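Note that the protein sequences, when read in sequence, are chains A and B.
Take 1 as the starting number for the first sequence in the working numbering and just add one per residue.
Take 1001 as the starting number for the second sequence in the working numbering and just add one per residue.
Where is the CB? At the ideal position from N, CA and C, for every residue including glycine.
Given the structure is predicted, the values throughout are model-derived calculations rather than measurements.
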Amino acid sequence: MKRLFLYKVYCYNKKLFLFFAFFAFVTIICNLTGNEITPFYVWGMYSQKEKPPEYYQIYKITVNDKILDYSTGFFPANHFFLQSSLSYYLEMKENGDPLKLFLQKKMGSKYFYVLPYESSVFNSSQNIEKFPGWYKKYLEQTTGQEIKSYKVEVLKAIYDNRNRIDIIHSETLINGDYQK
Amino acid sequence: MDQPVHFLCRLVFVFILLDLIMSGFSNTLIHQLRSPVLIFPYVDPTFWIMHLLHIPGFISSHPVIAWSLDIALFASCMGIIMYPGKKLLVGIFLLLYFVYYIIFNSFGAHHTHSLIPVLVAPVPFLFSKRSFLFCWEGLRYFLLFSYSAAFFWKLFRLSWLYKEQGVLVMKENLTPYLYFNPHSFLSEIYFYFLDHPGFTQFFLISGFVLEGTFIIGFFTKKYDRYLFIISLLLPFGFWFFADAVFVEQLILSLTLLPLSVYSFNKKPVSIK
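What follows is the structure, given as structure tokens:
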């Protein structure tokens, strides 16, 4: 008992003990329930059984008629921002704000509690419409060049028997021409 | 006592400064985000509070404020390196970094865990003398918990029993790279792993077991040097197999080394 870290903290300073005990307690509760509340983190990444998807999505970005390979030559966080924001936009364009849909489904009739906060925590259709303009600015920031045109295509890819990539479908997500 | 703590403080904040410089090269400092429009608060109440107060949107949509916050972040970090005993600077840095953390994850459209170590590692430097030692050790438990929890999540969800797990994780994360660079040397290695799922699964399960070894750290410090080495290896594995860069996690690895390592006179510093 005397060798326990929390016991030593308890003997040294009760306030510090309460700080640690509270942090440990809430962190454990968050992990047991799977709900993350910063700074009480849940460390469950890649723990779910991966299901083989019907296809994998690849975003093909063409800037000023040249393909931008964001998977190399960019720092990881830059790559993350370029790709993750596109996935989010695609999801929103297809079905609206996924968080709103999730909460409506989860809360059912109690959803009305969220109504007063909708404009602060969900993305409005106006904001979704602004995305292509913002993405252009971020691409300019990333590439350091003025963008006259850019296009984002969503490629659906599968792996063949030899584990090589086949593109089975392609559709345009954003087509921005700023030359005029 | 102050000498190793100041040295350690400088070491931690030099690492953080390098990470901030890397954010600059990554175009992810607040002013570089160019007034982003889509938010992702998810179901994290802390993010909700910040967005209800309109703090992330207000800062990121005003270039002068965004620039000021970025400059203040760098300045406070460099100030701590110059004056490691100034707790006020550490407090200011933590506040600024918290705002940066919320903005990065909100507009990055995914709540990544990679920045967490930068958010928690400075906390012990807010405390003096013996309280610092307890907080530093608390940080060690935080690291142990992060890996142990990752192990238990996988253990109880039984994903480690699924023989396709390794290959599917790779495909999920590396398909764009393999599509754009099918003939690179790294792609050749990746394709080799995809062609040999048993081999990939071996590495996945090895990583899972290595995460589990951190449990031992809750009972003894005798094996901390081995855990330190494992904590350096795991982020490499996350990068290779899942394209997830967790270099910031290495800051927490410092807690696995005895404080005497950071002392020039090599006198052991410990809690009794």
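- Collapsing the DSSP output to three states places His1113 (chain B) in coil.
- Between Gln141 (chain A) and Tyr12 (chain A), the alpha-carbon positions lie close to 51 Å from each other.
- Shortest Cα-Cα distance from Gln1165 (chain B) to any of A:Lys51, A:Lys14, A:Ser170, A:Ile37 involves A:Lys51.
- A residue is called buried once 16 or more other Cβ atoms fall within 10 Å of its Cβ, and Lys1171 (chain B) is buried on that count.
- In the DSSP secondary-structure assignment, Asp166 (chain A) is bridged to A:Ile158.
- The segment 1138–1188 of chain B is shown to contain whole alpha helix (DSSP H) runs of 4 or more residues at 1165–1180, in chain order.
- Identification of residues in the segment 31–44 of chain A having a C-beta nearer than 8 Å to some C-beta of chain B yields Asn31, Asn35, Glu36, Ile37, Thr38, Pro39, Tyr41, Val42, Trp43, Gly44, given in sequence order.
- For the C-beta of Ile165 (chain A), the chain B residues within less than 9 Å are, from N- to C-terminus, Thr1175, Leu1178, Tyr1179, Pro1182.
- Distance from the CA of Asp1002 (chain B) to the CA of Leu1257 (chain B), rounded to the nearest whole angstrom, comes to 17 Å.
- The C-alpha of Phe1151 (chain B) lies about 17 Å from the C-alpha of Arg1140 (chain B).
- Contacts with chain A at 7 Å (Cβ-Cβ) include Pro1045 (chain B).
- Under the 7 Å criterion on CB atoms, Tyr1162 (chain B) is classed as interfacial with respect to chain A.
- For the segment 81–94 of chain A, the set of positions with a beta-carbon nearer than 8 Å to some beta-carbon of chain B reads Phe81, Gln83, Ser84, Ser85, Ser87, Tyr88, Tyr89, Met92 in chain order.
- Excluding residues up to 5 positions away in sequence, Leu155, Ala157 lie with their Cβ nearer than 6 Å to the Cβ of Ile58 (chain A) in the same chain.
- In this structure, Leu1143 (chain B) lies away from Leu1250 (chain B), with their beta-carbon atoms at least 7 Å apart.
- DSSP lists A:Ile61, A:Ile174 as the bridge partner or partners of Val152 (chain A).
- Inter-residue distance for Lys137 (chain A) and Ser109 (chain A) is about 40 Å (C-alpha atoms, whole angstroms).
- Residue environment analysis places Val152 (chain A) among the buried positions, since at least 16 neighbouring C-beta atoms fall within 10 angstroms of its C-beta.
- The C-alpha of Phe1185 (chain B) lies about 32 Å from the C-alpha of Ile147 (chain A).
- If you draw a 10 Å sphere on the C-beta of Arg1225 (chain B), you find fewer than 16 other C-beta atoms in it, and that means exposed.
- Contact between Pro1197 (chain B) and Lys1163 (chain B) holds, with the beta-carbon distance rounding to 7 Å and staying under 8 Å.
- For the pair Met1050 (chain B) and Asp1243 (chain B), the Cα-to-Cα distance works out to about 29 Å.
- Here the segment 163–172 of chain A makes no contact with the segment 1086–1104 of chain B; the two share fewer than three CB pairs at distances below 8 Å.
- For Leu68 (chain A), the enclosing beta strand (DSSP E) starts and ends at 66–68.
- Boundaries for Trp43 (chain A): no alpha helix (DSSP H) harbours it, and the DSSP string shows neither H nor E there.
- Closest in alpha carbon position to Ile1030 (chain B), among B:Leu1178, B:Pro1117, B:Ser1131, B:Tyr1100, is B:Tyr1100.
- Bridge pairing for Tyr56 (chain A): A:Ala157 [DSSP].
- At the C-beta level, Leu1126 (chain B) and Cys1077 (chain B) stay beyond 7 Å of one another.
- In the structure shown, Ile147 (chain A) falls within a coil segment according to DSSP collapsed to helix, strand and coil.
- Listed in chain order, the non-local C-beta contacts of Glu91 (chain A) below 8 Å within the same chain comprise Pro98, local neighbours out to five positions each way being set aside.
- In this structure, A:Pro132 is the residue among A:Leu16, A:Ala77, A:Pro132 with its C-alpha nearest to the C-alpha of Asp177 (chain A).
- Beta-carbon to beta-carbon, Thr33 (chain A) and Tyr1177 (chain B) are separated by about 35 Å, too far to satisfy the 8 Å threshold.
- Among the CB atoms of chain B, one or more fall inside 7 Å of the CB of Val121 (chain A).
- Counting along the chain, Gly1212 (chain B) sits inside the alpha helix (DSSP H) bounded by residues 1197–1212.
- Counting the other Cβ atoms within 10 Å of the Cβ of Phe1025 (chain B) gives fewer than 16, which makes it exposed.
- Under DSSP, Ile37 (chain A) takes part in a beta bridge, and its partners are A:Phe40.
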